[in-house]
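Engineer: Please see the structure below; I have some questions.
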Amino acid sequence: MYDKPIKQSPVVVKPKTESLQNRELKKSKQKKKVKTESAVHGDSAFEKTLMELDDDSIFDNIDFPDLKAKKDLDNENGQDVKSSNEKFTSEPQQGSSKGNSPDQPLNKSKTFSGSTREPSTDKTPKKTKTKIEHTDSGIDPDQEAHEKRIYSAMLYQKYKNRGGPKMHGQKQQPKGKPDCLKNLTFIKTGVLESLESDEFVNIIAEHGGRTVKAISKKVNYVVVGDEPGPAKLEKARSFNIPEISEDELFDLILVKSGQKPEYVLKSTASVDSGGCFEEATTAKEVNEKKRKISTEVEEKKDKKINLNKLNVEEKITKNKDIDNNKSPEKSHEKSHTTSTIKSHKTSTQKSPTEKVTTQNDNKKTESFATENKNSVETFLPWTEKYKPQNVKEIIGQQGDGTNVAKLKKWLLNWHKNQIPEIKKKIIRPSPWAKFDDGAYFKAALLSGPPGVGKTTTATLVSKELGFDIVDFNASDTRSKKLLQEEVAQILKTTTIAGFAAGKATANKKRVLIMDEVDGMAGNEDRGGIQELINLIKTSNVPIICMCNDRNHQKMRSLVNYCFDLKFTPPKINHIQGAMMSICFKEGLNIPLKVLIEIIAGTGCDIRQTLNNLTMYAASEENNTLEDVQKKSQASKKDTVLGPWEVVRAVFTPTEGTPLAEKTKLFFYDYSLGPLFVQENYLAVTPNCSTKKGMLKRVAQAADAISRGDLIDAKIRSTNSWSLLDCQAIYSSVLPGHYMSGKFTNKINFPSWLGKNSARNKRKRLLSELYAHTRACTSGNICALKLDYLTPLRNAIITPMIKNGTGGVNESVDVMQRYNLLREDLNSLLELCQWGNNKNPFSTVDAKVKAAFTRAFNKSNHKMAFSAGAAFSKKKTSRGDEDYENNYESETDEDDNDDVNADSLIKVKVKKSAESNETKKGSSSKTKEASKGKGKGKGKTKK
Amino acid sequence: MLLADKYRPKDFANLDYHKEQATNLKNLTKDGEFPHLLVYGPLGAGKKTRITCILRELFGPGVERLKMETMNFTTPSNKKLEIMTISSNYHIEVNPSDVGIYDRVVIMDIIKNVAQSQQLNVNAAREFKVVILTDVDNLTKDAQHALRRTMEKYIANCRIIMCATSISRVIPAISSRCLCIRVPAPEESVIVDILQSTCKKEDISLPPVLAKRIAQASNRNLRRALLICETCKVEQYPFSDDQKIPELDWEVFIKKMAGKILENQSIETLSNVRKDLYELLSNDIPAGVIFETLLRELLRKSDVSIRETVIKEAAEHEHRLVQGNKQIFHLESFVAKFMYVYQTFMQEMFGDF
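Top to bottom, those sequences are chains Z and U.
First residue of the first sequence: 1, per full-length UniProt numbering; consecutive thereafter.
First residue of the second sequence: 1, per full-length UniProt numbering; consecutive thereafter.
Below is the structure:
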């Protein structure tokens with residue numbers, strides 16, 4: 001592709017030369033000529049320039065070479081060199097004036113591809129060049145005219161060099177009424193801030209205005225951009241036409257259509273963002289300079305090539321490098337030069353073009369890169385842009401007692417604390433210790449709501465103390481396996497990040513940051529928490545974990561291994577200060593009240609506040625306090641209340657709170673909420689004068705709760721969840737209404753849950769007993785409970801109480817007749833237990849009990865239920881592990897007169913024979929065992 | 001063995017009361033066309049005893065060879081459950097309400113299977129088997145509906161004998177398919193006679209006065225009467241006329257609770273009563289029984305003018321209790337309501353204090 005331009009150029013040049021010669025002849029009738037000329041080019045921008053330059057009527061007399069000669073270095077070479085020089089400088093500009101504005105990253109690649117093609121596609125520069133050649137030969141007698149020509153040539157040069165709109169596409173175009181610019185005529189001069197010329201025409205046309213290209217008295221406004229045409233301006237001034245900027249134009253549109261102007265204000269705000277454009281232009285200038293230098297080198301090279309002295313050439317390259325004085329470019333140029341030299345060997349003709357083109361490209365890339373970087377910075381969201389850069393900037397974390405200070409201290413002392421001698425001395429602090437420095441723990445757990453700066457704190461503190469950070473967050477898989485393999489490996493090896501940065505030694509201090517540990521769930525991260533705990537136990541680097549809710553079920557086990565740092569949202573006034581400064585930096589004018597409202601609306605979430613501020617800055621209307629209040633109300637974070645807070649809120653007197661609000665309380669937890677209400681409504685003293693009225697309210701509340709339960713039953717039995725609203729009224733709102741007042745007792749956890757499970761347990765025991773006795777009793781389970789149990793128990797125990805060992809056989813007989821197992825006796829005893837009454841069986845002597853157990857086991861059980869054993873075993877599967885304990889405990893039955901003696905279940909004859917031998921040794925062990933049995937069934941504790 | 005079980009009659013000839021009904025039942029079994037039965041009556045009236053008699057009359061003494069089996073089944077939600085059955089070669093006894101809300105599955109799976117299979121024993125006296133369902137009044141509506149069709153379809157293979165305390169909770173569709181037999185509680189005098197005859201068999205001398213008192217305390221529940229008698233014997237023997245008749249624990253407890261309610265009506269009392277109610281419920285005393293006993297106690301002390309309101313409220317809350325999930329809510333609500341009514345009445349009577 002590099003061949004193309006070279007081959008084409010001679011072909012193209014010829015006809016152009018002719019046309020230009022023609023033009024020269026007809027120079028007295030310029031205007032029309034020029035227009036045809038421009039038609040040939042098809043470039044409206046060029047056409048305009050022609051018009052501008054036309055005013056001075058020196059268009060044809062441009063003396064380019066002279067200008068060049070003055071501007072550039074001394075140039076004694078032939079015109080062909082100049083021409084090539086000219087050509088290459090002009091190419092990129094042409095590209096940019098075509099609309100490929102350099103500050104648009106998107107267009108970047110286009111420009112690149114375009115620039116390589118340009119020699120073939122773009123005729124303008126070549127034409128100019130050839131024209132120059134010819135005009136150059138013409139005589140210039142008038143010095144003044146000559147100077148003028150130089151001036152206009154400079155202008156033209158400038159015109160060609162000028163870029164596209166700086167903020168193309170960045171400004172929102174105003175939407176005014178379609179006819180707001182009616183009867184107004186506009187003219188544009190220079191490059192506008194964000195509009196291309198065709199866009200400019202469009203926007204005026206959209207609003208009913210008219211655009212013209214030549215200035216006249218009819219024009220109402222001159223829209224002035226960067227590098228305006230001086231002729232146009234002068235004319236405009238002579239006609240007294242007001243000059244406006246692009247922003248003023250936009251505001252004009254807004255004002256004419258009855259809206260508030262806002263562009264002018266904003267543009268002053270974005271001053272700092274404009275700074276980068278200056279840089280861009282300077283970058284461009286630098287770029288240009290370099291290009292010139294390179295072409296110069298080229299020329300020299302060309303000479304040398306003719307001489308075919310390669311080594312000399314290299315020297316010159318070096319010279320040039322020194323001229324350049326820019327080390328990074330050095331290598332670039334060098335390599336290019338050498339490559340060019342090589343190519344020179346083969347084809348001397350092609351190389352200059354080729355080389356310069358590539359070089360230009362490279363330069364361009366660089367300048368684009370810098371521009372690109374700048375523009376990315378401007379587009380950063382505020383949350384990133386104003387992220388704290390050091391520990392001191394973290395909002396609400398200044399001072400000694402704060403989490404930042406604690407974490408810092410902990411991290412600083414971590415390695416010291418891990419030294420075995422020191423570690424031994426540190427004892428585990430009590431969970432309520434206030435001024436613990438966490439020395440005991442190998443990991444820290446930062447917990448708190450989102451947007452209070454947990455991650456920021458962790459990273460900044462680690463950075464400040466010079467730790468290398470290994471970060472895992474919810475986007476990484478953190479399963480058991482991965483943690484085992486990868487993380488453990490990472491923690492064992494040493495980082496070489498230091499080498500890359502040029503430091504001599506590797507940084508040995510590292511910290512593992514596990515972000516969002518509460519997100520470790522699901523199949524992906526199975527076993528992750530457990531593995532993390534193992535990791536903490538064995539780790540030789542500090543670990544910082546972060547989560548939102550440290551009370552979450554999943555976090556329970558982790559919390560025990562971590563130095564607990566709870567982050568609370570900072571105070572409004574803390575955030576407010578920081579936000580004010582950011583608003584100032586962004587040029588956002590925001591009333592203090594509005595700001596506070598926004599902060600409060602987010603629940604002191606800094607990140608959310610910043611996001612909302614961005615929104616505020618971007619939107620047009622919500623400038624009034626009311627609007628903001630409304631919005632912040634809507635965007636208010638849903639803070640989840642625990643059941644305790646809910647029940648407190650339910651009974652707090654609220655005048656004028658909407659029903660929906662009260663109903664909402666119920667929906668925080670609609671299964672637990674009603675239980676809490678029921679448990680605690682009696683703990684409230686309602687605002688009520690008389691005792692009688694109070695009781696009435698209690699009765700009403702109780703009635704509502706009872707109705708609520710009916711609805712609950714309906715909901716759950718028929719899955720009619722749509723009734724929840726209705727239940728909310730009965731189970732939460734109405735009791736809250738009747739009983740609104742002060743809590744005089746503490747709020748309790750619903751006892752219903754515990755009582756219900758106790759009940760279920762007894763029910764199970766009873767049904768087991770019922771199943772066993774069923775064959776020989778009449779009556780249903782209810783009759784068994786109400787009437788049978790006590791007499792049955794008495795029938796079994798009384799003989800033993802009265803006759804001691806002599807009554808054992810009688811008792812065993814009753815047991816057998818009723819098909820009772822030994823463990824059923826325990827159930828029976830437990831079921832008969834009432835309140836704090838004494839268990840009559842406990843008065844029985846331990847020896848008698850043991851004798852009874854032995855006798856019972858000796859006797860043959862002719863159970864009516866063949867599957868009985870399996871049945872009862874299944875039923876008692878929960879007590880399976882107890883069996884073992886029981887085997888042990890029965891051995892010391894003889895000398896242990898503990899009440900637990902009745903836990904001799906399933907004693908085998910063999911076992912009891914052994915008991916005499918082992919009893920002394922095992923007695924202490926048994927005590928432990930019987931203590932540890934927990935609430936396995938078949939035991940009576942009293 | 002306890003007296004109540006030891007001397008339970010095993011055939012119609014030995015029944016002590018409702019003799020006329022016994023003859024009718026006996027005649028019924030002679031016929032080939034033995035219908036479905038629904039036996040109902042209060043606790044301790046002798047329903048089960050009569051059912052055993054019927055079985056024996058139908059199949060002979062082979063019925064008394066019982067075996068207990070657990071049957072496994074899976075609910076549609078894949079929950080594995082098991083239920084205890086008592087069976088002989090001729091009959092099977094199940095209490096579907098043992099598995100709570102899954103009783104419908106029991107009816108659909110187990111009962112239907114039993115009903116579908118024919119009597120295989122060639123020597124059997126009858127061509128049908130008998131399925132005994134106890135506590136039919138505790139069946140859910142779904143289960144009862146599931147039973148309807150089974151009862152009709154497999155009548156050739158099986159007869160169903162149902163046992164219930166009250167038929168108010170049995171859907172009409174079921175009761176209309178059955179011959180309903182009401183077994184009323186025995187008269188006090190009958191109980192006294194039985195107590196004395198039983199004691200004679202055991203060689204215990206029971207003074208008539210004590211027997212009467214026991215009969216009164218038993219609330220016409222024969223089983224309870226016999227059990228009380230036995231407990232009395234444990235407490236003190238030989239009997240004396242004015243010996244203390246032991247009360248049941250839960251009854252004493254409820255009475256105490258009623259005393260608290262009547263003594264002082266306030267939020268604190270209600271909190272205490274709640275604790276007591278929880279104690280009762282967690283001891284698995286049926287809420288209905290608690291309600292009944294409590295109401296009885298409360299009514300005893302309350303004036304005629306408020307009785308109507310109290311009973312009305314009790315009925316309302318008892319109904320809710322059956323419909324709802326959490327019994328304590330309704331019991332407590334009733335107590336609160338009673339407190340309010342009672343306090344209002346007292347203030348009207350004696351002025352503000």
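C-beta: ideal position from N, C-alpha, C; glycine also.
1) Answer with buried or exposed for U/N14, where buried requires no fewer than 16 other C-beta atoms within 10 angstroms of its C-beta.
2) Where does U/T85 fall in DSSP's three states?
3) Distance check for U/V63 and U/Y90, CA to CA, integer angstroms please.
4) Would you say U/G324 reaches chain Z, if we count a Cβ-Cβ gap shorter than 8 Å as a contact?
5) Quick check on U/I267 - is its C-beta less than 8 Å from some C-beta in chain Z?
6) Hey, Z/F651 and Z/V684 are a contact pair by Cβ (cut 8 Å); roughly how many whole angstroms apart?
7) Suppose the cutoff is 6 Å on Cβ atoms and the five residues either side in sequence are ignored; what does the same chain contact list for U/T134 look like?
8) The alpha helix (DSSP H) spanning Z/A771 covers which residue range?
9) Nearest to Z/S706 by CA position, among U/V341, U/V273, U/G324 and U/A287, is which residue?
10) Confirm, please, whether the CB-CB distance from U/S218 to U/I194 is below 8 Å.
11) Determine the contact status of U/F334 and U/D303, defining contact as a CB-CB distance below 8 Å.
12) Anything in the region 121-151 of chain U with a Cβ closer than 7 Å to a Cβ of chain Z? List those residues in chain order, please.
13) Find the residues of chain Z that neighbour U/E114, judging by a C-beta separation of less than 9 Å, and give them in chain order.
14) So, helix, strand or coil for Z/L446, using DSSP?
15) Could one say the Cβ of Z/Q678 lies closer than 8 Å to chain U's Cβ atoms, at least one of them?
16) Helix, strand or coil: how does DSSP classify Z/T663 here?
17) Can you tell me whether Z/I544 is helix, strand or coil according to DSSP?
18) For a contact meaning CB atoms closer than 7 Å, what does U/Y340 contact in chain Z?
19) If you draw a straight line from the alpha carbon of U/T23 to that of U/F12, how long is it in whole angstroms?
20) Show which residues of chain Z have a CB atom less than 8 Å away from the CB atom of U/Q21.
21) Going by DSSP, which residues form a beta bridge with U/M162?
22) For the alpha helix (DSSP H) containing Z/D564, name the first residue and the last one.
23) Using the three-state DSSP reduction, which class does U/D203 fall into: helix, strand or coil?
24) Please report the straight-line C-alpha distance between Z/E881 and Z/R817, rounded to a whole angstrom.
25) From the DSSP output, which residues share a beta bridge with Z/P686?
26) Quick one: which unbroken alpha helix (DSSP H) runs of 4-plus residues sit fully inside the region 685-725 of chain Z? Chain order, please.
27) How should Z/N794 be labelled, buried or exposed, when 16 other C-beta atoms within 10 angstroms of its C-beta is the threshold for buried?
28) Any heavy atom of the ligand FMN closer than 7 Å to the Cβ of U/R149?
29) For U/P72, which of helix, strand or coil comes out of DSSP?
30) Taking 8 Å as the CB-CB cut-off, is U/G44 touching chain Z?
31) Distance cutoff 8 Å, beta carbons only. Does Z/Y788 sit that close to anything in chain U?
32) Ignore the nearest five residues each way along the sequence and tell me which others in Z/A728's own chain have a CB closer than 6 Å to its CB.
33) Output needed in chain order: residues of the region 752-764 of chain Z with a Cβ under 7 Å from some Cβ in chain U.
34) Secondary structure at U/C180, three-state DSSP: helix, strand or coil?
35) With contact counted as at least three CB pairs below 8 Å, one residue from each stretch, are the region 28-39 of chain U and the region 179-187 of chain U in contact?
36) Name the DSSP bridge partner or partners of Z/F472?
Structural biologist: Working from what's here:
1) Classification for U/N14: exposed.
2) In this structure, U/T85 counts as strand in the three-state DSSP scheme.
3) Cα atoms of U/Y90 and U/V63: separation of roughly 6 Å, rounded to the nearest angstrom.
4) Chain Z contact via Cβ: present.
5) Taking Cβ atoms only, chain Z reaches closer than 8 Å to U/I267, which makes this a yes.
6) Rounded, the Cβ-Cβ distance is 5 Å, consistent with contact.
7) Closer than 6 Å at the Cβ level, and outside the excluded window around U/T134, lie N95 and C163.
8) S751 to T773 is the extent of the alpha helix (DSSP H) around Z/A771.
9) For Z/S706, the closest of U/V341, U/V273, U/G324 and U/A287 by C-alpha to C-alpha distance is U/G324.
10) No, they are not a contact pair.
11) Judged by beta-carbon spacing, U/D303 lies beyond the 8 Å limit of U/F334, meaning their Cβ atoms are not closer than that value.
12) The region 121-151 of chain U vs chain Z, Cβ under 7 Å: T134 and D135.
13) The sequence given here places Val at residue 114 of chain U; Glu does not occur at that position. Within chain Z, not a single residue places a beta-carbon under 9 Å from that of U/V114; the smallest gap is close to 17 Å.
14) The answer is strand: DSSP assigns Z/L446 an E or B state.
15) For Z/Q678, the nearest CB of chain U lies under 8 Å from its own CB, placing it at the interface with that chain.
16) Three-state DSSP puts Z/T663 in a helix.
17) In the structure shown, Z/I544 adopts extended strand secondary structure according to DSSP, grouped into three states.
18) Within 7 Å Cβ-Cβ: L695, K696 and A699.
19) In this structure, the alpha-carbon of U/T23 lies about 8 Å from that of U/F12.
20) Per Cβ cutoff of 8 Å: no residues; U/Q21 is ~17 Å from chain Z at best.
21) DSSP, once it has assigned bridges, lists U/L38 and U/L133 as partnering U/M162.
22) Annotation: Z/D564 is outside any alpha helix (DSSP H); the continuous beta strand (DSSP E) that includes it extends over C562 to K566.
23) The answer is coil: DSSP assigns U/D203 none of H, G, I, E or B.
24) Caution is warranted here: a pLDDT of 39 is assigned to Z/E881, below 50, making its placement in the model unreliable, and no coordinate value can be reported.
25) Beta-bridge pairing links Z/P686 to Z/G741.
26) Every unbroken stretch of the alpha helix (DSSP H) spanning 4 or more residues and falling wholly within the region 685-725 of chain Z is given here in chain order: 691-718.
27) With 16 or more other Cβ atoms within 10 Å, it is buried.
28) In the structure shown, the ligand FMN is absent, as is every other ligand, since no ligand is present at all.
29) As written in the sequence, residue 72 of chain U is Asn, which differs from the Pro given in the question. Strand at U/N72.
30) At a cut-off of 8 Å between C-beta atoms, U/G44 counts as an interface residue with respect to chain Z.
31) Interface criterion met: the Cβ of Z/Y788 is under 8 Å from a Cβ in chain U.
32) Excluding residues within five positions, the ones whose Cβ falls inside 6 Å are T663 and F666.
33) So the list reads W752, K755, A758, R759, R762 and K763, given in the order they occur along the chain.
34) In this structure, U/C180 counts as strand in the three-state DSSP scheme.
35) Three or more Cβ pairs closer than 8 Å define a contact, and the region 28-39 of chain U meets that threshold against the region 179-187 of chain U.
36) Within the DSSP bridge table, the entry for Z/F472 names Z/M514 as partners.
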